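Since the structure comes first, as structure tokens, the remarks are kept for the end.
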Amino acid sequence: MELLLSIALGVALAAATGLRVFAPLLVAGLAARAGWISLTDAFAWLESTPALLMLSTAALLEALAYAIPGVDHVLDVLAGPAAVVAGALASASVMGDVSPALQWPLAVIAGGGIAGAVKGSVAVVRGKTGIATAGLGNPIVSTFETVGAVTLSLLAVLLPIATVVAIIALLFWGIRKMGRFALGARRKS
Numbered sequence: 003m004e005l006l007l008s009i010a011l012g013v014a015l016a017a018a019t020g021l022r023v024f025a026p027l028l029v030a031g032l033a034a035r036a037g038w039i040s041l042t043d044a045f046a047w048l049e050s051t052p053a054l055l056m057l058s059t060a061a062l063l064e065a066l067a068y069a070i071p072g073v074d075h076v077l078d079v080l081a082g083p084a085a086v087v088a089g090a091l092a093s094a095s096v097m098g099d100v101s102p103a104l105q106w107p108l109a110v111i112a113g114g115g116i117a118g119a120v121k122g123s124v125a126v127v128r129g130k131t132g133i134a135t136a137g138l139g140n141p142i143v144s145t146f147e148t149v150g151a152v153t154l155s156l157l158a159v160l161l162p163i164a165t166v167v168a169i170i171a172l173l174f175w176g177i178r179k180m181g182r183f184a185l186g187a188r189r190k191s
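The structure is reproduced here in structure tokens:
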């Protein structure tokens, strides 16, 4: 059961990095500092005071920068690859019960993959909002993304398996919704 919990925690934290890169790592560091979760030895530094200060600053600056129309688009382009890397690192950081031979492939494939899928989904929403509102609605979307990243990270720590199930259901729903949208657009043309 511990193995399943650590994998679920890693995947759920990784999904949150698809919304914001630094907030999930900050939550993981704070949760480890509070004794709620265990980090692998290689990632024990996440709960150190310098790391928590740095992650707090980065998370705040990231949230503020995403609230600026135009800057948010540049950040989306840069954050795509960063989210995948952060997702893999977030996953690996909590997979202490997983053998090292399985830890990194799982972290890269599941963690990086889910982070990329969430980031891609959010980019589609941000793009549509940007077009529909000439960029003026993007700060609202950005606020929801930041709150979502923190909430998802906290849920990952508190209820990892339920959080992964909810993430998979939401992604499945989103993929079906995009498929229907694409099919409808194809029929109109």
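Residue numbering for the sequence shown follows the numbering used here, beginning at 3 and increasing consecutively.
The C-beta atom is built at its ideal place from N, Cα and C for all residues, glycine as well.
Since this is a predicted model, take the numbers as computed values, not measurements.
Proximity of residue i and residue j at Cβ, strictly below 7 Å
i	j	result
residue 67	residue 93	no
residue 162	residue 11	yes
residue 123	residue 89	no
residue 99	residue 41	no
residue 39	residue 33	yes
residue 167	residue 20	no
residue 16	residue 113	yes
residue 158	residue 44	no
Nearest neighbour of residue i, chosen from the options [CA to CA]
i	options	result
residue 81	95, 64, 72 and 97	64
residue 55	78, 163, 74 and 24	24
residue 27	141, 86, 72 and 74	86
residue 35	49, 106 and 43	49
residue 173	133, 136, 156 and 117	117
residue 83	44, 60, 125 and 105	125
residue 78	97, 127 and 96	127
Start-to-end residues for the alpha helix (DSSP H) that takes in residue i
i	result
residue 52	51–68
residue 27	24–36
residue 1	Residue coverage of the chain in this structure runs from 3 to 191, which leaves residue 1 outside it and unanswerable.
residue 124	115–135
residue 99	Segment: none, residue 99 is in no alpha helix (DSSP H) and carries neither H nor E.
residue 9	4–19
7 Å Cβ shell around residue i - same chain, five flanking residues per side excluded
i	result
residue 131	139, 140 and 143
Other residues of its chain near residue i: CB distance less than 6 Å, five sequence neighbours each side excluded
i	result
residue 137	71
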